[in-house]
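Q: FYI, in this note's numbering the residues of the sequence shown are -7 to 372. Beta carbons: idealized from backbone N, C-alpha and C, even for Gly.
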Amino acid sequence: MNRKKHIMFVDDERPVLDSIARCLRRRRNEWDLDLVQDPEEACDRLAEESYDALVTDLKMPKMDGLELVSKVQEFPHNKNMPVVVLTGMDDDDLKERALESGAFDLLNKPVRSRQLTARIESLLKWKERQDELEQITDRLNEQIARQQALLARQRLEVVFRLGMVAEHRDTETGNHVVRVACFSRLIAETLGLPPEDQQMLLLASPLHDIGKIAIPDAVLLKSGPLTPGEWTLMQKHCIFGEQILRGRASVMAPLLNWYHCESPGDAVDPLLDTAAVIALTHHEKWDGTGYPIGLAGEKIPLVSRITAVSDVFDALTSRRPYKQAGTSEAAIDYLRRTSGRHFDPQVVAAFERRFDDIIALKEHIRDSADAFRLEESLWM
-7 MNRKKHIMFV DDERPVLDSI ARCLRRRRNE WDLDLVQDPE EACDRLAEES
43 YDALVTDLKM PKMDGLELVS KVQEFPHNKN MPVVVLTGMD DDDLKERALE
93 SGAFDLLNKP VRSRQLTARI ESLLKWKERQ DELEQITDRL NEQIARQQAL
143 LARQRLEVVF RLGMVAEHRD TETGNHVVRV ACFSRLIAET LGLPPEDQQM
193 LLLASPLHDI GKIAIPDAVL LKSGPLTPGE WTLMQKHCIF GEQILRGRAS
243 VMAPLLNWYH CESPGDAVDP LLDTAAVIAL THHEKWDGTG YPIGLAGEKI
293 PLVSRITAVS DVFDALTSRR PYKQAGTSEA AIDYLRRTSG RHFDPQVVAA
343 FERRFDDIIA LKEHIRDSAD AFRLEESLWM
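This is the structure we're talking about:
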């Protein structure tokens, strides 16, 4: 059963409202009429309730019809409500001002019953179409939002799993890259970085050691000390990572050409670009003694300075086949002692301010044999 249409009529003269009620009495089973003499009361009702149409007089005390029409535009729940203004004057300028205020039409009084009924019917049909279109739009937007959330989640999964490839080859198991990402985002937030930069760091930092997949097992998995030549090769994982992530040509180009899809051309993916920067420079040191370039101070990209602190802290406090996990207190003491030499002092200070949160995350995102679990609450 269709609901009755809710229509408001506003006129400061009671006889006019009574006349309208008589004109429309045949529609009482279809239309629910609100007859209001006080325009301010009408405005209050419109602010609280949804209506299907509004018919208002123009000249009224306290608030005229044009002012009422303008105020109605402020109520989102009545944004599709059509409005008709009634007037006893035949004035083209007035009609233009009424339409500019948001009215759909201006009718001259006295309005004949048939004319008023036909006009209201037309407006109600228009509103029904608008409401249907809005519902369709809302459903489409919901579907788009769900698909975007799914794509974002899938992208996140791919990034983290790719980051874990190098970690597993380096005998690291568990959720190291997940923790590094979450720690890094907390630091970025504390430093006041914009939300979009925080999110980018969360996504890009897990790929900091992706270049290790290009290091031979004989070097990467060697249990004893590395020779000078082996150490030089190991240091190149930063360069290899940058090359993997910042290839000069899209690896998707052949596939896109095969399927006749539009190629992105030389467009740079911000995520891969940021990840490449981190991969290349996360072993640089504040005093310039790091590798592979020897950058110092603020010449080291901030995303890399943040990732470096997160990476070292988690490595120091995680168990590995060749060592037991160190304590959080010992790890934070190391960061303090090397602040200004290895690490950016401001980043270390931000890390310390969020130390309790970081410890809670460390406890929450534990290692496991088949570890990969990133809860939505940690990255949304």
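What residue range does the alpha helix (DSSP H) around lysine -3 cover?
A: Not the alpha helix (DSSP H): lysine -3 falls in the beta strand (DSSP E), residues -3 to 2.
Q: Is the segment 312 to 327 close to the segment 272 to 284, with three or more CB pairs under 8 Å?
A: no
Q: Would you mind reading off the limits of the beta strand (DSSP E) that contains threonine 48?
A: 45 to 49
Q: Using beta-carbon positions only, say whether lysine 354 and arginine 171 come within less than 8 Å of one another.
A: yes
Q: Return the residue from the list Arg17, Val28 and Ile270 that minimises the CA-CA distance to arginine 6.
A: Val28
Q: Check for me: the alpha helix (DSSP H) holding tryptophan 223 runs from which residue to which?
A: First-last of the alpha helix (DSSP H) with tryptophan 223: 220 to 227.
Q: Would phenylalanine 347 and valine 301 qualify as a contact pair, given that the criterion is a beta-carbon distance under 8 Å?
A: no
Q: Skipping 5 residues on each side, what residues in its chain have a beta carbon closer than 7 Å to that of methionine 192?
A: Pro262, Leu263 and Thr266
Q: Do you know how far the Cα of leucine 213 is from the Cα of phenylalanine 175?
A: 27 Å
Q: What does the alpha-carbon distance come out to for the pair phenylalanine 1 and glycine 184?
A: Going from the Cα of phenylalanine 1 to the Cα of glycine 184 covers about 53 Å.
Q: Look at the alpha carbon of lysine 228 and the alpha carbon of glycine 221, and state the distance between them as a whole number of angstroms.
A: One C-alpha to the other measures close to 11 Å.
Q: Can at least three beta-carbon pairs, one atom from the segment 109 to 127 and one from the segment 51 to 64, be found at a separation below 8 Å?
A: no
Q: Output the distance between the C-alpha atoms of glycine 233 and leucine 154, rounded to the nearest integer angstrom.
A: 12 Å
Q: Can you list, in chain order, the residues of its chain with a C-beta nearer than 6 Å to that of lysine 63? Leave out the 5 residues immediately preceding and following it.
A: Only Cys35 meet the Cβ criterion.
Q: With distances taken Cα to Cα, identify the nearest neighbour of valine 339 among Phe96, Glu59, Pro74 and Thr182.
A: Thr182
Q: Per the contact definition of three or more C-beta pairs closer than 8 Å, is the segment 72 to 82 in contact with the segment 90 to 103?
A: yes
Q: Under DSSP, the alpha helix (DSSP H) around threonine 428 begins and ends at which residues?
A: In this structure the chain extends from -7 to 372, so residue 428 is not present and cannot be described.
Q: Can you tell which of Thr319, Arg131 and Arg106 has its C-alpha closest to the C-alpha of arginine 19?
A: Of the residues Thr319, Arg131 and Arg106, the one whose Cα lies closest to the Cα of arginine 19 is Arg106.
Q: Based on Cα-Cα distance, which residue from Phe305, Leu237 and Tyr283 lies nearest to serine 331?
A: Phe305
Q: For the alpha helix (DSSP H) that threonine 402 lies in, which residues bound it at each end?
A: No answer is possible for residue 402: it lies beyond the span of the chain, which begins at -7 and ends at 372.
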